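Taking numbering that gives the first Met the number 0, I'd label the letters of the sequence shown as residues 0 to 575.
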Amino acid sequence: MALGYTTLTSTGSTASPGTTPAEMVDSMSLEEKVGQLFVVPVYGAEANTAHPKNREEFGVDTPAEVVQKYHPGGVIHFTWTDSLQDPEQIAELSNGLQTAATSSGAGIPLLISTDQEQGAVTRIGAPATQFPGNMALGASRSQEDAERAAAITGQELRAMGINFDLAPSGDVNVNPENPVIGVRSFSSDPRLAAQLTAAQIRGYQDSAATTGTVSASVKHFPGHGDTNLDSHTDLPVIEHDRAQWEQLDAPPFAAAIAARVDSVMSAHIVMPKLDDSGEPSTLSPNVLTGMLRSELGFDGVVITDSLRMEGVRQKHSDSEVPVLALEAGADLLLMPPNLQTAIDGVIDAVRSGDLTEERIDKSVERILEMKQRRGILSSPHTDPARAVEFVGNPEHRKDAQRITDRTTTLLRNENGVLPLQQPGKVLVTGSGEDATAALAESVRTRGARATALPTGNAPTAEQIDQAVAAAGRNDVVVVLTNGAWQTDRAAQLDLVRALQETGKPVVAVATGDPYDAGHVDAPAWVATYSDKAVAMESLTKVLFGEISPTGELPVPVPDPNQPGADKYPFGHGLAW
Numbered sequence: 000m001a002l003g004y005t006t007l008t009s010t011g012s013t014a015s016p017g018t019t020p021a022e023m024v025d026s027m028s029l030e031e032k033v034g035q036l037f038v039v040p041v042y043g044a045e046a047n048t049a050h051p052k053n054r055e056e057f058g059v060d061t062p063a064e065v066v067q068k069y070h071p072g073g074v075i076h077f078t079w080t081d082s083l084q085d086p087e088q089i090a091e092l093s094n095g096l097q098t099a100a101t102s103s104g105a106g107i108p109l110l111i112s113t114d115q116e117q118g119a120v121t122r123i124g125a126p127a128t129q130f131p132g133n134m135a136l137g138a139s140r141s142q143e144d145a146e147r148a149a150a151i152t153g154q155e156l157r158a159m160g161i162n163f164d165l166a167p168s169g170d171v172n173v174n175p176e177n178p179v180i181g182v183r184s185f186s187s188d189p190r191l192a193a194q195l196t197a198a199q200i201r202g203y204q205d206s207a208a209t210t211g212t213v214s215a216s217v218k219h220f221p222g223h224g225d226t227n228l229d230s231h232t233d234l235p236v237i238e239h240d241r242a243q244w245e246q247l248d249a250p251p252f253a254a255a256i257a258a259r260v261d262s263v264m265s266a267h268i269v270m271p272k273l274d275d276s277g278e279p280s281t282l283s284p285n286v287l288t289g290m291l292r293s294e295l296g297f298d299g300v301v302i303t304d305s306l307r308m309e310g311v312r313q314k315h316s317d318s319e320v321p322v323l324a325l326e327a328g329a330d331l332l333l334m335p336p337n338l339q340t341a342i343d344g345v346i347d348a349v350r351s352g353d354l355t356e357e358r359i360d361k362s363v364e365r366i367l368e369m370k371q372r373r374g375i376l377s378s379p380h381t382d383p384a385r386a387v388e389f390v391g392n393p394e395h396r397k398d399a400q401r402i403t404d405r406t407t408t409l410l411r412n413e414n415g416v417l418p419l420q421q422p423g424k425v426l427v428t429g430s431g432e433d434a435t436a437a438l439a440e441s442v443r444t445r446g447a448r449a450t451a452l453p454t455g456n457a458p459t460a461e462q463i464d465q466a467v468a469a470a471g472r473n474d475v476v477v478v479l480t481n482g483a484w485q486t487d488r489a490a491q492l493d494l495v496r497a498l499q500e501t502g503k504p505v506v507a508v509a510t511g512d513p514y515d516a517g518h519v520d521a522p523a524w525v526a527t528y529s530d531k532a533v534a535m536e537s538l539t540k541v542l543f544g545e546i547s548p549t550g551e552l553p554v555p556v557p558d559p560n561q562p563g564a565d566k567y568p569f570g571h572g573l574a575w
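See the structure below:
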C-alpha cells in the first residue's frame, strides 16, 4: 500500500512513496524502532515553548525537543500536561509536534492521543462538543446514538490533530462498588455493552468524516468491570472463572475486534482463575498473546494502560516492566515512569538476547500499519483555522443535546412530583459547582427563579444547615448527588434526608452512577449519569415536562438493606 509521502531518515536517506511499513522497519535503527514503542506525555501549550516538567522528566525544555530526542511513536495529552486549551492551540501544538517528528529520527509522524471518553473522562472541554458518557448512552439503548457520539468526538479530535482516542471502555460494570469504571461502562449487561462498544468503534473509525477518522482503543482487557479496587493505586484481583469471563467480560472485546478496532488497551489486573502466572494482565503472555491474540484473533496494536500506575509496578522494576509487556504481547508502552530507563531496558534486553529484534520489528510494523490506516503517515498535519470552525459547531451541539435528551432516567416519582407545576422558586443544591450552576441557569430560562447552592461531594453539617435554610425560602428543591454511596461521600445522603424534612418537594438527581438512589427514598429520583451542562439541560426538560424521560437503567441499582436484591432493576424507567 502506498504511503504517499517522502521522509528523511536519520541517516539522510529517503523513504520513497510506496514504501510499506515492513520496508520502513527494515530501514530503521534499533534505537528508532524502540522509540516507536512508546507513548509519552509532553508538557506545554506550544511545541517550541519551554515547560519545566519537560526538563524534569526528559532533560530538555520543549515538547518538540522531547520528540526530537526520543522519537517516540506517540504523545498523549491531559489537562495536567498544560497542553489542552482550545481548538486552535491544540491544532497548532499538534502541527508543531508532527514537524518535530518528521524532521528527526526516522521521520515518522506521531500518534497524538488523549482519553476523550466523554462524560466522567473528558480531557477537552467546551467548545468541543460534550456528551454525557457511556452509561448514559447505555440508558438510551441506541446504537445509532452511540455511533454518532463517537463520530462527532473523533472528527473533532482529528480536526485538532489528535488521531488516537483511548476510548471506549468496553468494561462490563457488574460490580456497583467499582471505583474506577462506573459510568465509564455502558452497562452491566454484556450484550448491551458489546453492541454499544462496537457502535462506537464504527463511529470513531468508519464514519464519513470530513476531517478524517481516529484510531479507537477498547479498554481494559480482559475486563475491569468486577473490582472494588482502582488499578491506579492497587493491583485488583478478579475471581472470574473461564465461563464467567466468556459470558461477562469478553463480549465487548470480541465485538470491538469484529468491528475492526485498531487498538486494545490492557488492564493492570490479575485473574488467577484464568491465568496462573500471578502477573497483571499487561505483563501476562497467557492474557495478551493467549486470550487476546490467539483466542479472540486480534492482530492489531495492543497498548498498555499507563505504566505509571501502581497496578503494574508492584513486582518489577521500571526497566523490567516494558520488556515484560513486550514479551507478553504488547506493542505500545504507555507513559513509562522514566522514559530513558524504559528505552534502555528494552535495548539492553535485545542486545542480551532476552528480546529478539524480530519481536520489536513486529510491534513497530503493527504501529506503522495503524498510522497508515488512519492517514497519519501521509497527512500528519491539520488546519488550525478549520479546527476553530469545525470543533463544537452548531450541528454537533444540536446532535449532542438530542442524544442526551434520550438518556435521562426517572427512577421514582412519588405522588407525581414530576413534572413540576409552575414552580416559582427553585433551589438547586448538592454536588458539583458547575453542575448546579448549569442546572440553575437552565431552570431560569423556563421562567422560574433559581438559586444555585453547591455543597460539594462531602457536605459539612454547616453546609447542610445552609441548604435546609435555603430550602425554606424556595418552592421546590433539586439536589444533585454524585457517588453518595461511597463512604467518604455519604454526607450527601444526609443532605437529601435533611432536605426532605423541610416538607418541600424534593427531586434527587444522581449525576454519576445511579446507585445513590438505592440508599435514600426521595420523593423523586432521576439519573442523568453525568454532570455535564448538556445533561443538566436534558434534566431541565424532564423537570418541566418538555420531554418524557425515556432512559432505562443500564445497570441494576442494589438495595443496601437487602443483600442480593435490587431497589430498581435493570431496565427500570418511568415515563409520562
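Glycine is no exception: its CB is placed at the ideal position from the N, C-alpha and C atoms. None of these values were measured; they are calculated from a predicted model.
Taking the CB atoms as reference points, tell me whether residue i and residue j lie closer together than 7 Å.
i: Thr-128; j: Asn-177; result: no
i: Pro-189; j: Val-171; result: yes
i: His-264; j: His-219; result: Checking the displayed sequence, the identity of residue 264 turns out to be Met instead of His. In this structure, His-219 lies closer than 7 Å to Met-264 by Cβ.
i: Arg-183; j: Asn-133; result: yes
i: Ala-497; j: Ile-546; result: no
i: Ala-100; j: Leu-92; result: no
i: Ser-112; j: Ile-75; result: yes
i: Val-519; j: Val-495; result: yes
i: Leu-332; j: Phe-37; result: yes
i: Val-301; j: Leu-287; result: yes
i: Pro-175; j: Pro-557; result: yes
i: Arg-488; j: Ala-532; result: no
i: Ser-26; j: Gln-67; result: no
Would you decide whether residue i is buried or exposed? Buried here means 16 or more other CB atoms lie within 10 Å of its CB.
i: Val-589; result: In the structure as shown, the chain starts at 0 and stops at 575, and residue 589 therefore has no counterpart that could be examined.
i: Trp-575; result: exposed
i: Pro-51; result: exposed
i: Trp-484; result: buried
i: Lys-32; result: buried
i: Gly-34; result: buried
i: Thr-480; result: buried
i: Val-236; result: exposed
i: Asp-512; result: buried
i: Thr-10; result: Its pLDDT being 31, under 50, Thr-10 is placed unreliably in this model, and the value from its coordinates should be taken loosely. Label assigned to Thr-10: exposed.
i: Pro-221; result: buried
i: Lys-540; result: buried
i: Trp-79; result: exposed
i: Gly-169; result: buried
i: Asn-53; result: buried
i: Asp-240; result: exposed
i: Arg-350; result: exposed
i: Asp-629; result: No answer is possible for residue 629: it lies beyond the span of the chain, which begins at 0 and ends at 575.
i: Asp-248; result: buried
i: Thr-13; result: Confidence at Thr-13 is low in this model, with a pLDDT of 31, below 50, so its placement is unreliable and the value that follows should be read with caution. Exposed, since its Cβ has fewer than 16 Cβ neighbours within 10 Å.
i: Asn-560; result: exposed
Which residue wins for smallest C-alpha separation from residue i, given the options the options?
i: Ser-378; options: Ala-105, Asn-162 and Gly-58; result: Asn-162
i: Pro-522; options: Asp-464, Leu-332, Glu-413 and Asp-487; result: Glu-413
i: Arg-365; options: Phe-297, Ser-529 and Ser-141; result: Phe-297
i: Glu-309; options: Tyr-514, Asn-337, Ile-302 and Thr-232; result: Thr-232
i: Pro-504; options: Ser-529, Glu-536 and Leu-542; result: Leu-542
i: Asp-81; options: Ile-107, Gly-431 and Arg-122; result: Arg-122
i: Glu-238; options: Gly-95, Thr-196, Arg-443 and Pro-271; result: Pro-271
i: Met-369; options: Gly-72, Glu-45 and Thr-61; result: Gly-72
i: Leu-136; options: Ile-107, Thr-355, Thr-196 and Val-363; result: Thr-196
i: Asp-515; options: Thr-281, Val-533, Ala-119 and Thr-486; result: Thr-486
i: Asp-347; options: Ser-293, Val-416, Pro-20 and Glu-30; result: Glu-30
i: Arg-472; options: Leu-452, Gln-400 and Leu-573; result: Leu-452
i: Ala-384; options: Arg-54, Thr-210 and Glu-357; result: Thr-210
i: Pro-131; options: Arg-401, Thr-435 and Gly-423; result: Arg-401
i: Arg-443; options: Met-535, Gly-17, Ala-119 and Ala-105; result: Met-535
i: Gln-117; options: Gly-104, Arg-147, Asn-47 and Ala-329; result: Arg-147
i: Lys-314; options: Glu-155, Leu-273, Ile-268 and Leu-338; result: Ile-268
i: Val-311; options: Leu-291, Arg-292 and Pro-336; result: Pro-336
Quick one: any contact between the region 458-470 and the region 563-572, if contact means 3 or more CB pairs under 8 Å?
Segments in contact, no.
In chain order, what are the residue ranges of uninterrupted alpha helix (DSSP H) at least 4 long that sit wholly in the region 132-211?
Runs of the alpha helix (DSSP H) inside the region 132-211: 133-139, 142-158 and 189-205.
Taking one C-beta from the region 399-410 and one from the region 545-556 each time, how about it: are there three or more such pairs within less than 8 Å?
In short, these stretches touch, since the Cβ pair count reaches three.
Three or more C-beta pairs closer than 8 Å, one from the region 153-168 and one from the region 513-532: is that the case here?
Verdict: no, contact absent.
Say whether the region 389-404 touches the region 147-158, bearing in mind that this needs 3 or more beta-carbon pairs closer than 8 Å, one atom from each stretch.
The region 389-404 vs the region 147-158: in contact.
Quick check for students: name the residue ranges of the alpha helix (DSSP H) that lie wholly in the region 33-86, counting only runs of 4 or more.
Taken in chain order, the complete alpha helix (DSSP H) segments of 4 or more residues contained in the region 33-86 are 51-57 and 62-69.
Contiguous beta strand (DSSP E) assignments of at least 3 residues, all confined to the region 382-435
The qualifying runs are 408-412 and 424-429.
Runs of 4 residues minimum, wholly inside the region 463-529: which ones carry the alpha helix (DSSP H) assignment?
As far as the region 463-529 is concerned, its whole alpha helix (DSSP H) runs of at least 4 residues are 490-499.
Restricting to runs no shorter than 3 residues, where is the beta strand (DSSP E) found entirely within the region 287-347?
Unbroken beta strand (DSSP E) runs of no fewer than 3 residues, entirely contained in the region 287-347, are found at 300-302, following chain order.
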